[in-house]
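Undergrad:
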Amino acid sequence: MIRLFATGVSTMALAAAALPFAAQAQEAPAVAPAPAAGDAAQPDIVVTGSRVARRDYQATSPIVTVSSDAIAATGSTTLEGALNQLPQFAPGSTAFSNGLNDNGQATLNLRGLGAQRNLVLLDGKRLQPSSSTQVIDINTIPTILVGGTEIISGGASAVYGSDAISGVVNFKLRKIDGIEITAQNTITEHGDGGIRDLGLGAGTAFAGDRGRVTFGISYTDRDSVNINAREFFRRSTGVSSTIGAGLYTPSTNPPSQAATNAAFAQYGIDPGKVSYSSSIGLNPDGTLFSTGKGVFNYRDTTPYIYNTGQALLQLPENTYTQIPLERVSTFGKVSYDLSPNVTFYAQGLYTDYNSTTIADAAPNAGLWMLSVPLSNPFVPAALQPILASRANAAAPFLITKRYLEAGPRLTLHDSTTWQAMAGFSGKLGQLTWELYGSHGESKLADKTSGSVFASKVQQLVSAPDGGAALCGDGVGYNPFAVTGSAQCAAYFSGTTVNRTKTTQDVVEFTVQGGLFNLPAGEVRFAAGADYRRNSFTFTPDPQQVIGNVVGITRTSATGGSTRAIEGYAELVVPLLRDLPLIESLELDAAYRYSDYDRSGGVSTYKADLDWKVVNWLRLRGGYQRAIRAPNVGELFTASTGVFPTIGSAAQGAGDPCDTRSAYRTGPNATAARALCLAQGVPTAVIDTFQTNVTQVAAYMSGNTNLTPEKADTYTIGAVFTPRAASPWLSGLSASVDYYNISISNAISTIPVTLSLSKCFNGDGSNPTYAQSNYYCSLIGRDPNTGGITNALMPYLNIGGYRTAGIDVQVDWNVRLADVGIGDGGVKFGISSVVNYLDTYKVQNQPGSPFQEFGDTIAGVATLPRWRSTTSVTLGDSRIGGLLRWRHIGGMTDASHVTNPSSTIPGVPAYDYFDLSLHIEATKRFGFRFGVNNLGNREPPVVSGVLGQTDTGTYDMLGRTYYLSATARF
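Quick note on this note's numbering: the sequence shown kicks off at 74 and runs consecutively.
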């Protein structure tokens, strides 16, 4: 019903906007410059990165300001989709993040240092976190009320507290007088991926202007796009060797080679071609086939299986390119002047949304394997001589398979977030003050249908009648079949529910104003104290607690809380003024002391200089010490199952113990073989060990011994605002800023791919190939098959990050009439933001060398050397057009960093072009039409695997159209 109503209102609004109109509007620039200096008549203002309000204020930290018009011009209905087009951001969780461990949330990742290391604010105040990692789900912010976004780079903990290591993103609410309604419809070139977005904003004064009320509500309904809806993804060559057919998988009790030869000789296959350690399945005609070490005698044409010649792989059928979402976000604020010097305000935010991720049917390889007794009535006659040749011929045997009969695993993420805040603000002489408190909660329920219960499947295959009585179908469950009966599927599958709850309480008092005058101007200050408490609880499904869900690792319930008490002071000191080459020189210094109940006290501080050389040139820069205290998830998360991707040996990655890998075939093959044995690969299979599993089971766990991260940030830059008499230069402004961020004691987990590479001496970390090596201790293997099943990924203070680069921003516009072109108010403008990444280094253990990941992809982040967003605008106050160019530099594959012999290709440079037209038909009605990805470019192949790309960086859907309308009353 909501969707029908939304579609109807959207259609009416668009129709109203299409009424005949008298021309012309100007398109806003894609990225607005930092606020220019004001005059003495302007009120005091605050810019993100400082708590001190003053006139003539331009940020001393590198800052980019994005207007609401610029966000609208991207055509994105979500804030993270619009901001991720800026070069300062690497992709976080987005609309294209689909996987078992994704939860449908949207996050921001400034500088590629992780969503947990940038602080997200709403009007300078902390938002309610949406997960145990304390990150902010951008879906919870109602876009209708966002008037602009300020982004600063570098540490800001002295000003805002923990988490502001890579920078701060501050969403600023706008003032609305009257009622404003917006509607947008988006659809792709293929006619799918539809997004319907509605917004209502309202604001008015009351009680003789002593009070003001503001309200906003946004509704978004986004359709899913299946992965196979695009040719790029249909080229995929498989994601797993676990197929729908049940496969006998030899382990520590293998059959003889002679029996294997005899079984396949009857199909005309020469002796020795089918290894005794091969996995064996059953064709529909009752004959056998082999896979994993060569595919022989496969007689089925099942469309969801891809035959590489070496293995049969499961093709991805049930994966979303774009995940569906339905969201309602609301925000309301009321303020009232109790007296000329005291104002009371209260505000609330409430968001309810659900999104869905999907994964193929559960596989039972690795974590748990089905044990079939010889008494099972479905044991194929053709397989029995092979089973009889085992040393322990009477023992049960293991089967791997994917439970297609249970259907895909569909997870509904039902999320609710709310935050309530109330406070007082006022004046005391020349000072202003504010006292407020807030409480917020986020609840997330992950409901997964298609979950398969191991104990139920085991009961069926262990029953003498093959489960016929238990299923109630009179037939039973055939583990070798591709699909079984609906009754059996209903018996061993169902829905599991995991629940997460996070809360946050904040109380803060601030005061700021002028202290006294110096010859160069007024000394101003800000000071304050705050209390913050965060907590979370995670309640997994009971079946997951006991480890009974196929394809999901055992997970425990957990919870915990953290508390911080802080005090800070900031001082702005004018040093010099009205001297040759020094119009003004100002120092901004701040100090904060934070006491954390888990890690004790810690200090943060900053010192920034703002030097106005002449009227058109300003130099800025400084140093900041920032910290990030471990969050509740990093501290208290119980052992939680995840499924990281390691790739396959056939593609130059995968398990080093695979006989096809560079480790087993290279000059140190003997040492690598010995290390594989020491890790647990059975002797019976060591010389034929091959695995095509590209994802492995791992356990991520919290660590209560973590200590805060520390970061040192240096910035230096220049701002040019010529304001020359020439009309060609009067509209020019530019800034160049260098940033250098160094993080020590960084909190993170070690990726399994990195542990494998370092354990097997890929970069010289383990020259003796010793199992006692730290990285080797993180890898666990199944004692029956040798496959990786329980790799460890604990949170640790692992080492550090170092990144540095240069941001360039240029904004220029000129009124054409002023340069002799036409006689109207048409303006031409160019706005460009460019990032050059000089370095991005990672240290995985204290004292170990830093490794350079800059200019790489598929590693710690997507880190192109060059990235830019440039917009060209043309129009006047009534009509305007915009052409946007997005450039992403080429990159090498990150595997080359940890394994110099890697042959995995990188990606080329990519360019996207977008077009939009904005028309103000009347003062009350306007609309916008746009086309994104004009060239309809496919994404590049990442890591050399067909159908695999970086879903957060590149366009997944192809050419997309949108039409939006705005009505004001």
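Cβ atoms here follow ideal geometry from the backbone N, Cα and C, with glycine treated the same way.
1) By Cβ distance, which residues of its chain are closer than 6 Å to Y403, with the 5 residues on each side in sequence left out?
2) Do you know whose CA, among I823, Y696, P215, L851, lies nearest S230's CA?
3) So, does the CB of T206 fall closer than 9 Å to a CB anywhere in chain C?
4) Please report how far the alpha carbon of I65 lies from the alpha carbon of Y641, in whole angstroms.
5) Taking buried to mean at least 16 other C-beta atoms within 10 Å of its own C-beta, is F1047 buried or exposed?
6) Need the endpoints of the beta strand (DSSP E) that F337 sits in, please.
7) Using a 10 Å radius around the Cβ and a threshold of 16 neighbouring Cβ atoms, would you call T777 buried or exposed?
8) Of the choices R854, V415, S667, T612, whose alpha-carbon is the least far from that of D1071?
9) Check the C-beta distance from E514 over to T556 and give it rounded, since I have them as a contact under 8 Å.
10) In whole angstroms, what separates the C-alpha of S808 from that of I136?
11) Whose C-beta lies closer than 7 Å to the C-beta of D891 among residues of the same chain, with five residues either side of it excluded?
12) Run through the DSSP bridge pairs and tell me what T1056 is partnered with.
13) For P647, which of helix, strand or coil comes out of DSSP?
14) Tell me Q189's beta-bridge partners as DSSP assigns them.
15) Expressed to the nearest angstrom, what Euclidean distance is found between the alpha-carbon atoms of N258 and S314?
16) Taking only three categories from DSSP, how would you classify N157?
17) Just to confirm, is the Cβ distance from T946 to F986 under 9 Å?
18) In angstroms with no decimal places, state the Cα-to-Cα distance between T392 and F169.
19) In this structure, does DSSP put A18 in helix, strand or coil?
20) Just to confirm the assignment, what range does the beta strand (DSSP E) spanning K914 have?
21) For S806, tell me which candidate among D785, G720, D884 has the shortest Cα-Cα distance.
22) Could you name the residues of the same chain whose beta carbon sits closer than 8 Å to that of P397, not counting the 5 residues immediately before and after it, in chain order?
23) Relative to the C-alpha of N149, which candidate in L271, N886, L246 has its C-alpha closest?
24) Identify, in the order they occur along the chain, each residue of the same chain with its Cβ nearer than 8 Å to the Cβ of T965, setting aside the five sequence neighbours on each side.
25) Quick check: what's the CA-CA separation for T167 versus P729?
26) Using 8 Å for Cβ pairs, my map puts T677 next to R698. What's the rounded Cβ distance?
27) Does DSSP classify D987 as helix, strand or coil?
28) Is there contact between the region 611-631 and the region 536-551, where contact requires at least three CB pairs shorter than 8 Å?
29) Restricting to Cα atoms, I'd like to know which of P376, F362, I431, I861 is closest to D395.
30) So, F526 versus S558, is the Cβ gap smaller than 9 Å?
31) Look up D112 in the DSSP assignment and say whether it is helix, strand or coil.
32) Over what stretch of residues does the alpha helix (DSSP H) that includes E707 continue unbroken?
33) What is the residue span of the alpha helix (DSSP H) that S941 lies within?
34) Could you compute how far the alpha carbon of G1008 sits from the alpha carbon of L485?
35) Tell me which residues share the same chain as L1043 and place their Cβ nearer than 7 Å to its Cβ, disregarding the 5 neighbours each side in the sequence.
36) Decide if A994 is buried, meaning its Cβ has at least 16 other Cβ atoms within 10 Å, or exposed.
TA: A quick look at the data gives this:
1) Start at 1 with the first residue of the sequence shown, and residue 403 comes out as number 330. The question names Tyr, yet the displayed sequence has Thr at residue 403. Same-chain partners within the cutoff: I290, Y423.
2) Working through the sequence shown from its first residue, we reach residue 230 at position 157. Nearest of I823, Y696, P215, L851 to S230, Cα basis: Y696.
3) No chain C is part of this structure, which consists of one protein chain only.
4) Missing from the structure shown is residue 65; the chain here goes from 74 to 1042 and no further.
5) With the chain represented from 74 up to 1042, any question about residue 1047 goes unanswered, as that position is not in the structure.
6) In the sequence shown, residue 337 corresponds to position 264, counting from 1. No beta strand (DSSP E) contains F337, which is instead part of the alpha helix (DSSP H) from 330-338.
7) For the purposes of this step, residue 777 is identified with residue 704 of the sequence shown, where counting begins at 1. T777 comes out exposed.
8) Residue 1071 is absent from the structure shown; the chain starts at 74 and stops at 1042.
9) Residue 514 sits at position 441 when you count from the first residue of the sequence shown. Residue 556 sits at position 483 when you count from the first residue of the sequence shown. About 43 Å; that fails the 8 Å criterion.
10) Looking up residue 808 in the sequence shown gives position 735. Looking up residue 136 in the sequence shown gives position 63. Their Cα atoms are separated by approximately 9 Å.
11) For the purposes of this step, residue 891 is identified with residue 818 of the sequence shown, where counting begins at 1. Taken in chain order, the residues that qualify are P800.
12) In this structure the chain extends from 74 to 1042, so residue 1056 is not present and cannot be described.
13) Translated into the one-based positions of the sequence shown, residue 647 becomes position 574. The answer is strand: DSSP assigns P647 an E or B state.
14) Position 116 of the sequence shown, counted from the first residue, corresponds to residue 189. None, per the DSSP bridge assignment.
15) As a first step, residue 258 is located in the sequence shown; it is residue number 185 there, counting from the start. As a first step, residue 314 is located in the sequence shown; it is residue number 241 there, counting from the start. About 41 Å.
16) Taking the first residue of the sequence shown as position 1, residue 157 is located at position 84. Coil.
17) Sequence index remark: in the sequence shown, residue 946 carries index 873 (1-based). Sequence index remark: in the sequence shown, residue 986 carries index 913 (1-based). Contact: no.
18) Counted from its first residue, the sequence shown places residue 392 at position 319. Counted from its first residue, the sequence shown places residue 169 at position 96. Distance between the alpha carbons of T392 and F169 is about 10 Å.
19) Since the first residue shown for the chain is 74 and the last is 1042, residue 18 is missing from the structure and cannot be characterised.
20) For the purposes of this step, residue 914 is taken as residue 841 along the sequence shown, with counting starting at 1. First-last of the beta strand (DSSP E) with K914: 900-916.
21) On the sequence shown, residue 806 is found 733 positions in, with the first residue counted as 1. Out of D785, G720, D884, D884 has the C-alpha closest to the C-alpha of S806.
22) Looking up residue 397 in the sequence shown gives position 324. Excluding residues within five positions, the ones whose Cβ falls inside 8 Å are R295, D296, S297, S428, T429.
23) Position 76 of the sequence shown, counted from the first residue, corresponds to residue 149. The sequence given here places Ser at residue 149; Asn does not occur at that position. The option with the nearest alpha carbon to S149 is L271.
24) Numbered from its first residue, the sequence shown carries residue 965 at position 892. Counting only Cβ-Cβ distances below 8 Å, and skipping sequence neighbours, we find D928, T929, I930, G979.
25) Here residue 167 is taken as the residue at index 94 of the sequence shown, counted from 1. Here residue 729 is taken as the residue at index 656 of the sequence shown, counted from 1. Their Cα atoms are separated by approximately 32 Å.
26) Here the question's residue 677 lines up with position 604 in the sequence shown. Here the question's residue 698 lines up with position 625 in the sequence shown. Yes, T677 and R698 are in contact; Cβ-Cβ is about 5 Å, under 8 Å.
27) Your numbering for residue 987 matches position 914 in the sequence shown. Correct three-state label for D987: strand.
28) no
29) Stepping through the sequence shown from its first residue, residue 395 is reached at position 322. It should be pointed out that residue 395 corresponds to Gln in this sequence rather than to Asp. Here the closest residue by C-alpha is I431.
30) As a position in the sequence shown, residue 526 is number 453, starting the count at 1. As a position in the sequence shown, residue 558 is number 485, starting the count at 1. Cβ distance not < 9 Å, so F526 and S558 don't count as in contact.
31) Here residue 112 is taken as the residue at index 39 of the sequence shown, counted from 1. For D112, the predicted model reports a pLDDT of 38, less than 50, meaning its position is unreliable; a value from the coordinates is still stated below. Looking at D112 - three-state DSSP - the assignment turns out to be coil, as it is neither helix nor strand.
32) As a working mapping, residue 707 is identified with position 634 in the sequence shown. Looking at the DSSP string, the run of the alpha helix (DSSP H) that includes E707 is 705-709.
33) Against the sequence shown, residue 941 aligns to sequence position 868. Careful: S941 lies outside any alpha helix (DSSP H), inside the beta strand (DSSP E) at 939-948.
34) Residue numbering aside, residue 1008 sits at position 935 when the sequence shown is read from its first letter. Residue numbering aside, residue 485 sits at position 412 when the sequence shown is read from its first letter. Whole-angstrom Cα-Cα distance: 34 Å.
35) Outside the shown range of the chain, which is 74 to 1042, sits residue 1043, and nothing can be said about it.
36) Taking the first residue of the sequence shown as position 1, residue 994 is located at position 921. Answer is buried; the Cβ neighbour count reaches 16.
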